[in-house]
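Numbering (the UniProt record's numbering), first residue to last: 1 to 468. A short write-up of the structure that comes next.
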Amino acid sequence: MGKNPSELHDERLATTDSAGHRVYLYPEDVKGKWRTRRNYFYNFLIAIYLILPWINIGGKQSILLDIAKREFTIFGATFYGHDAPLLIFFFLGFVFLIGFITSIWGRIWCGWACPQTVFIDAIYSRIEKLIEGPARKRKKLDQAPWNFEKVWKKTLKWTLFILASMHIAHSFIGYFVGARELIDITLHSPSENMPLFVTTWITVLIILFDFAWFKEQFCLIACPYGRFQAVMMDENSVNVIYDYTRGEPRREKGQKKSEHADCIDCFACVKACPTGIDIRRGSQLECIACTNCIDACDDIMNHIGKPEGLIRYDTELALEGKKAKKFSVRNIVYLISLAILLIGFISQVRSVNDLDVVLLRGSKTPFKMVYKGNQKLVVNHFKLDFDYQGNEFSSVYFKIKSARDIKLVTPRNPYPIRKGMTKANVFFRFSPNSLSKGSRVIYLQILKPNGDKRIIKELEVRLVGPIK
C-alpha cells in the first residue's frame, strides 16, 4: 500500500476490504467535454426507451413482444411463435455485433449504452447527488449516526428511487403487454390482472435492487461481458488508456517540477472512477470506459498548465508510436460473419408467411362416384386447415392451376378466414377420363381476394378415381 489514502490495494478490489466485506464507493463529480457528451447521449437513450412503446407503425405498437399470444412486432414487421428459428440469427448477430464494436472501440457499450450505466448515471446518481450532495457529503452522511437529517434525506432518496424504478419497470412491461393497454390495466383493480401485477412488482424490486443498491457490483461480479471482452480486443482497439510514456515517472513528495513527468499522482482519476480502479495500472476487467477519468485528468492538466490527453481514447500501438490498423483480420472476420447472418435473416424473413395451410383428404373413401344427368363423375373431398396469424386480409380465393377439366366446388369462394384456426371443405369434380391409371396431380392455388389475386400458397393435390 502507498502512503496516499486514495491508493488502491494491489491484491483486491477497491469495493472490498480485507475481510471481504463491501466497501461503498463515492465517485467524485467531474465536468468536461466527455461528461457533457454522455449526459446528452444518456438522455437521448432514455427518451427513446420511454417513447418507443407509444409510437405506432402500421397500426401496431413499434415494439410489442406479446409472449401470451406468441406475436412479436418490431417496427411494423410481425413475427410469430413458429418464427422462433429467426432468433438464432438475432442472437448470433448480436454477439458478432458486440464483438465487432469491441474489437474497434473497446468497451464503448459499457460506458455509453449499457442500461446499467445509463440508468444509474443519468437517474439514480443524479437523485443521490441532488438530495445528499457531492461525494464527500454523501460519505459523511453514511458514516454519521442516525439523526433527523439522515432519516429525512434517506427516506426522500429511496422514495424517489422507488418512483423511478416503478416508471422504468412499467415502461419495460409496456413492451410486452402494450403501453396503452397497460394504462387501462393500471386503472382497474390488481385482482383483475394479478399475474401481471405480481410480475410488474417483481420487476420494480429487481430494478430497485440493482440500480439503487447493487450498482457497480453488477459490472464487477455478475456481468459476463467484462470477462470475455479481453479476447475481442487487441492492440488496435481504441480504449480509455493512460499514456505512461508521458506520465511516468510520477511526481513524488518533495520532487521539483523538472524531476517528474506529467502525472502529478493526484489520484483525481481514481477518485472519479465509478468502479474504483486506477486506470494507470493498465487495461482492467473492471473498467467500463465511462471517460470520468479523462475529464478528471484533463481538468488537472489545465490547472498545472499541461496539455490534455494524459488519459484519453487511444490504442496500445499509438502509445508505442506505431500506427494502428483501421481494420484488422479480427474486425474483418466479425464483419463478414455479420454480413452472412444479415443475408440469412433477410432470406428467412422473406420466406416467412402469415398463412399456414394443411391439406388433408376429407372422406373415409378416397373418392365417390356421382351422376350429373347421364354423365358419370368422380368426386374427391379434401379438408383445408388454415392457421392465419396476420391482419392483411380476411378471406382467400381458391383456383385450380391449368386444369380446365377439373371443377372446384366450395361453399364460398372467396372463403372467409379469421385470425387463428379456420377449417374449409373443398371438392374436386371431374370425369374418370381426366385421370391416368386412376390418379392425377393438380395444383390448388390460394390467392389474395383483392384485384391482383396474388398467390399466397400453391398446394399439390393428388386426385384419385377408378382404374380403367
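Note that beta-carbon positions come from the ideal geometry of N, C-alpha and C, so glycine has one too.
In the structure shown, Pro53 adopts helical secondary structure according to DSSP, grouped into three states. Ranked by Cα distance from Tyr42, the first of Gly81, Lys453, Cys219 and Trp109 is Trp109.
Residue pairing by DSSP places Arg22 opposite Thr16 in a beta bridge. Secondary-structure assignment with DSSP links Glu460 through a beta bridge to Tyr443. Bridge pairing for Asn425: Lys383 [DSSP]. Following the DSSP letters along the chain, one finds Ser171 in no beta strand (DSSP E) but inside the alpha helix (DSSP H) bounded by residues Phe148 to Val177. A straight line joining the alpha-carbon of Thr117 with that of Ser347 spans about 36 angstroms. Straight through space, the alpha carbons of Ser434 and Phe398 are spaced by roughly 20 angstroms. Within the same chain, Cys266 and Ala268 come within 6 angstroms of Ile300 by CB-CB distance, once the 5 residues on both sides are set aside. Burial is judged here by how many other beta carbons sit within 10 angstroms of a residue's own beta carbon; Gly81 has fewer than 16 and is exposed. Per DSSP, reduced to three states, the secondary structure at Ser402 is coil, with no helix or strand assignment.
Residue state for Gly93 is assigned as helix, using DSSP reduced to three classes. Just measuring C-alpha positions, the residue of Asp262, Gly276 and Thr291 sitting nearest Ile304 is Asp262. Following the DSSP letters along the chain, one finds Met194 inside the alpha helix (DSSP H) bounded by residues Met194 to Ile207. Of the other Cβ atoms in all chains shown, 16 or more fall within 10 Å of the Cβ of Phe72; this residue is therefore buried. With a cut-off of 8 angstroms on Cβ pairs, the stretch 391-411 is in contact with the stretch 434-443, counting three or more such pairs. Counting along the chain, Tyr244 sits inside the alpha helix (DSSP H) bounded by residues Tyr244 to Gly247. When the beta-carbon positions are compared, Gln229 and Thr102 come within less than 8 angstroms of each other. Spatial neighbours of Gly93 in its own chain (CB-CB distance under 8 angstroms, excluding positions within 5 residues in sequence) are listed in chain order as Leu338, Leu341, Leu342 and Phe345. For Glu192 and Trp54, the gap between their C-alpha atoms comes out near 24 angstroms.
The way I'd put it, the stretch 385-392 does touch the stretch 352-364; three or more beta-carbon pairs between them come closer than 8 angstroms. A direct Cα-to-Cα measurement between Gly59 and Tyr175 gives close to 15 angstroms. According to the DSSP assignment, Tyr225 belongs to the alpha helix (DSSP H) that extends over Tyr225 to Met232. In the three-state DSSP reduction, Ser283 falls in the coil class, being neither helix nor strand.
Taking C-beta atoms as the reference points, Val204 and Ala179 fail to come closer than 8 angstroms. Listed as beta-bridge partners of Lys368 by DSSP are Val379. Boundaries of the alpha helix (DSSP H) harbouring Arg126: Ser125 to Glu132, taken from the DSSP string. With respect to the C-alpha of Ile67, the residue from Gly247, Phe44 and Leu196 having the closest C-alpha is Leu196. One Cα belongs to Leu182, the other to Val370, and the distance between them is close to 59 angstroms. Of all C-beta pairs linking the stretch 311-328 to the stretch 226-242, three or more are shorter than 8 angstroms, placing the two stretches in contact.
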